[in-house]
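Asker:
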Amino acid sequence: MDRRVIPAAAVAAREDVGPAKPSRVSRREFGSCVAAAAAGWLMTACGPRRLHELSKDRLRARLRDLEREYSERYAAPVTVTDTPAMPNVLFAYALDISRCVGCRRCVYACVDENNQSRDPQVHWIRVLQMDKDRGVDFTHADPYYAPREVPEEGHFYVPVACQQCRNAPCTKVCPTGATWTEPDGIVVIDYDWCIGCRYCMAACPYGARHFNWSEPSIPRGQLNAKTHVLGNRPRPKGVVEKCTFCIQRTRDGRYPACVEACPVGARKFGNLLDPDSEIRYIIEHKRVLVLKEDINTVPKFFYFYAT
Amino acid sequence: MRSGARCGLGLGVASLLVVLTGDGLSAQGLPQRLAERIEVPPPPFSDGVFPCSACHASMKVNRTRRPLADMHTDIILTHDAEHRWCLDCHDAENRDVLHLAGGERVPFDESYRLCGQCHGEKYRDWRVGVHGRRTGDWNGHKAYLLCANCHNPHQPRFKALEPKPAPVRPGRPGR
Numbered sequence: 047m048d049r050r051v052i053p054a055a056a057v058a059a060r061e062d063v064g065p066a067k068p069s070r071v072s073r074r075e076f077g078s079c080v081a082a083a084a085a086g087w088l089m090t091a092c093g094p095r096r097l098h099e100l101s102k103d104r105l106r107a108r109l110r111d112l113e114r115e116y117s118e119r120y121a122a123p124v125t126v127t128d129t130p131a132m133p134n135v136l137f138a139y140a141l142d143i144s145r146c147v148g149c150r151r152c153v154y155a156c157v158d159e160n161n162q163s164r165d166p167q168v169h170w171i172r173v174l175q176m177d178k179d180r181g182v183d184f185t186h187a188d189p190y191y192a193p194r195e196v197p198e199e200g201h202f203y204v205p206v207a208c209q210q211c212r213n214a215p216c217t218k219v220c221p222t223g224a225t226w227t228e229p230d231g232i233v234v235i236d237y238d239w240c241i242g243c244r245y246c247m248a249a250c251p252y253g254a255r256h257f258n259w260s261e262p263s264i265p266r267g268q269l270n271a272k273t274h275v276l277g278n279r280p281r282p283k284g285v286v287e288k289c290t291f292c293i294q295r296t297r298d299g300r301y302p303a304c305v306e307a308c309p310v311g312a313r314k315f316g317n318l319l320d321p322d323s324e325i326r327y328i329i330e331h332k333r334v335l336v337l338k339e340d341i342n343t344v345p346k347f348f349y350f351y352a353t
Numbered sequence: 010m011r012s013g014a015r016c017g018l019g020l021g022v023a024s025l026l027v028v029l030t031g032d033g034l035s036a037q038g039l040p041q042r043l044a045e046r047i048e049v050p051p052p053p054f055s056d057g058v059f060p061c062s063a064c065h066a067s068m069k070v071n072r073t074r075r076p077l078a079d080m081h082t083d084i085i086l087t088h089d090a091e092h093r094w095c096l097d098c099h100d101a102e103n104r105d106v107l108h109l110a111g112g113e114r115v116p117f118d119e120s121y122r123l124c125g126q127c128h129g130e131k132y133r134d135w136r137v138g139v140h141g142r143r144t145g146d147w148n149g150h151k152a153y154l155l156c157a158n159c160h161n162p163h164q165p166r167f168k169a170l171e172p173k174p175a176p177v178r179p180g181r182p183g184r
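Top line first, the protein sequences correspond to chains A and B. So in the working numbering, the last one in the first sequence is 353, and the numbering has no gaps at all. So in the working numbering, the last one in the second sequence is 184, and the numbering has no gaps at all.
1. Grouping DSSP H, G and I as helix and E and B as strand, with all else coil, what is B:HIS81?
2. With 8 Å as the limit, tell me which residues of the region 134–153 of chain B have their beta carbon closer than that to any beta carbon of chain A; keep them in chain order.
3. Can you name, in chain order, every residue of its own chain whose Cβ lies under 7 Å from the Cβ of B:PHE167, other than the five neighbours on each side?
4. Distance cutoff 8 Å, beta carbons only. Does A:ASN342 sit that close to anything in chain E?
5. Which same chain residues, not among the five before or five after B:ARG15, have their C-beta less than 8 Å away from its C-beta?
6. To the nearest angstrom, report how far apart A:ALA81 and A:ALA187 are at their CA atoms.
7. Would you mind reading off the limits of the beta strand (DSSP E) that contains A:LEU356?
8. Considering only their Cβ atoms, is the gap separating A:ASN258 from A:VAL234 smaller than 8 Å?
9. Apply the 10 Å Cβ neighbour rule to B:GLN126 and answer buried if 16 or more other Cβ atoms are within range, or exposed otherwise.
10. Below 8 Å between beta carbons: does that hold for B:HIS108 and B:ASP100?
11. Using a Cβ-Cβ distance cut-off of 8 Å, determine whether A:GLY316 contacts chain B.
12. According to DSSP, what are the bridge partners of A:GLU287?
13. How about the region 195–206 of chain A and the region 155–173 of chain B: do they share at least three Cβ pairs that are nearer than 8 Å?
14. Taking the alpha carbon of A:PHE350 as the reference point, which residue from A:GLU324, A:ARG150, A:PRO302 has its own alpha carbon closest?
15. Can you have a look at B:GLU102 and say buried or exposed, based on whether 16 or more other CB atoms are within 10 angstroms of its CB?
16. Report yes or no: is there a C-beta of chain B within less than 8 Å of the C-beta of A:TYR237?
17. I'd like the span of the beta strand (DSSP E) that includes A:GLY316, first residue to last.
18. Could you pull out every residue in the same chain whose Cβ sits closer than 6 Å to the Cβ of A:VAL168, ignoring the five residues on either side in sequence?
19. Helix or strand or just coil, what does DSSP make of B:ARG74?
20. Which full runs of the beta strand (DSSP E) of 3+ residues lie inside the region 188–216 of chain A, going along the chain?
21. Roughly how many whole angstroms lie between the Cα atoms of B:GLU130 and B:CYS124?
22. Could you compute how far the alpha carbon of A:ILE293 sits from the alpha carbon of A:PHE137?
23. In whole angstroms, what is the alpha-carbon distance linking B:ARG74 and A:ALA307?
24. Which of the three DSSP states is assigned to B:GLY215 in this structure?
25. Please work out which residues of its chain come closer than 8 Å, Cβ to Cβ, to B:GLY31, disregarding the five sequence neighbours upstream and downstream, and give them in chain order.
26. Locate the alpha helix (DSSP H) running through A:ARG119, then write down its first and last residues.
27. So for A:LYS218, helix, strand or coil by DSSP?
28. What's the C-alpha gap between A:GLU99 and A:TRP239?
29. Taking 8 Å as the CB-CB limit, is A:HIS186 close to chain B?
30. Could you tell me the distance, in whole angstroms, from the CA atom of A:ASN213 to the CA atom of A:ILE232?
31. Is the beta carbon of B:SER120 closer than 8 Å to that of B:PRO52?
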């Protein structure tokens, strides 16, 4: 420890020139404060680190541990990758409200791809049925519609998942720094650091985050063994999860599972920085809206009308 | 975390600038790479009907507009049936191809050109990947579908679908 700094002398010197100071820090008090600060620094510096701050070796070791654990539990060769964001890529999504028929194929494609719990049920995508008379109106939206056939007369459908906000309220409230925005715009969660306080769920204006109230259950043989550490790897009980734009697929250049599952082609995905992408064409040529624009979350999930 | 957020913000600002300037598009607003030939899956023929010439080669061409009674009775035309019939799209001379309004013959795997004659707006959207379903890579090889892969050309309107089950209503935790 640096012994040259002895503020008692400095304090005394100041007392000589100015009016009398009420308190005087003794050498012993100062010493114990410095010792406490040093101990605190040591504990945080040497303790466990967040996944994205781990050294390469320790991260590799952690991933191998996870792979071993999952492979044993699900009796399948599970891979856990940490594919980083591609340079010059900012992901964005667009959904054609005039096409969506509310068939929920995307919901279940997402469950299969991203290893959501079947019981208790976790769905990252919620399809809201809305009245054509009312327009986009969340207070009268119904996610539990179950007619024999869709689309129903007089209704339209708005699937809602994580909007991957650029100004994300959920990441600001996390007390442990377990959720953040990646350079490619995906808001991710480190399941190892989530303490399950659910502040982020309260902060999210779209109801896009979901909590594992019980140990998630995925039937044997239904696990998608190709996983990303910040995405679809099996989650423990007591953590929050949400859509990651299929981080395990899109960082490899593929489309998200919901895009490929949509039978009417209402779902579009691409790079906002690529002038030739579908997303850019939609933004420049179609009527586009974002949900709850007035609260300034700046979503990267756009809804549009192709007709 | 902080540096990641700052980097994301930087990219965000960059994207906004790119969106505002909107360069990279040609005068018609269509990306240059559309000049490439579009790869499509094989047309969705019913079993055993193609090549059409297998049956039609030995038949005399009857250009009279009439309800079909002997064959193809499964085809019910609800695609502007008032104004159209078979030989408006199917070629009478070469049975294995279609033809455009101007007479140019197009194979079945380029049928999108035929559809695009009337549905120009949808055709433009389809070529840039905005109409219709895409599979493959968002930044590489994209797989297109023909119009006819999703829309029955004789009855193009989508049929109603049975929805997948509704989500379970949340209960109290632990029960």
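For every residue, glycine included, the Cβ atom is placed at its ideal position computed from N, Cα and C. This one's a predicted model, so the numbers in the text were calculated from it and none came from an experiment.
Answerer: Put simply:
1. coil
2. ASP134, VAL137, GLY138, VAL139, HIS140, GLY141, ARG142, ARG143, THR144, GLY145, ASP146, TRP147, ASN148, GLY149
3. none
4. The structure shown contains no chain E; the protein chains it does contain are A and B.
5. For B:ARG15, the predicted model reports a pLDDT of 47, less than 50, meaning its position is unreliable; a value from the coordinates is still stated below. Nothing listed; no residue qualifies.
6. 58 Å
7. Here chain A comprises residues numbered 47 to 353, so residue 356 of chain A is not present and cannot be evaluated.
8. no
9. exposed
10. yes
11. yes
12. A:HIS256
13. yes
14. A:GLU324
15. exposed
16. no
17. 313–317
18. GLN162, HIS256
19. coil
20. 201–206
21. 11 Å
22. 10 Å
23. 40 Å
24. The requested residue 215 of chain B does not occur in the structure, where chain B is confined to residues 10 to 184.
25. At B:GLY31 the pLDDT is 37, less than 50, meaning the model places this residue with poor confidence and gives no usable figure here.
26. 102–120
27. helix
28. 12 Å
29. no
30. 12 Å
31. yes
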